[in-house]
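Structure first, then comments.
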Amino acid sequence: AFSLFDKDGDGQITTKELGTVMRSLGQNPSESELQDMINEVDADNNGTIDFPEFLTMMARKMKDTDSEEEIREAFKVFDRDNNGFISAAELRHVIPPPS
Numbered sequence: 001a002f003s004l005f006d007k008d009g010d011g012q013i014t015t016k017e018l019g020t021v022m023r024s025l026g027q028n029p030s031e032s033e034l035q036d037m038i039n040e041v042d043a044d045n046n047g048t049i050d051f052p053e054f055l056t057m058m059a060r061k062m063k064d065t066d067s068e069e070e071i072r073e074a075f076k077v078f079d080r081d082n083n084g085f086i087s088a089a090e091l092r093h094v095i096p097p098p099s
């Protein structure tokens, strides 16, 4: 999952990368909301999320009471033919290639 967010593969998730994935999942966070999300788990205060910080963020999200439903809804965004699987083609349709 980390690599879906880390578009340029540098090991860090920026607000731009976080925003891209969230928008692909039907969310529309503001720049300040994205920064707040990063700041919440940015243990080393470098303004980005590394893998351990990402795990912290995901663990917190999983504690949300409605997170299972949110995950199902997010899955449906990717699973365009509703067969219960996400194919490479479906993934490419939702996540643009790195520029």
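If you count the sequence shown from 1, position 42 lands on 42 in full-length UniProt numbering, and the numbers rise without skipping. Where is the CB? At the ideal position from N, CA and C, for every residue including glycine.
Quick one: what does DSSP say residue i is sitting in, helix, strand or coil?
i	result
I13	strand
R80	coil
G19	helix
F75	helix
residue 119	The question about residue 119 has no answer here: the residues shown for the chain are numbered 1 through 99.
For residue i, report the span of its alpha helix (DSSP H) as first-last.
i	result
F5	F2 to F5
Under the assumption that residue i contacts residue j (Cβ atoms under 8 Å), give the Cβ distance between them as a whole number of angstroms.
i	j	result
G9	V77	So it is not a contact: roughly 23 Å between Cβ atoms.
E73	R80	So it is not a contact: roughly 14 Å between Cβ atoms.
A43	E53	6 Å
F5	V21	5 Å
Length at least 3, wholly inside the UniProt domain "EF-hand" (29 to 64): the beta strand (DSSP E) runs in chain order: none
Sufficient close CB pairs (3 or more, under 8 Å) joining the stretch 2 to 13 to the stretch 44 to 64: yes
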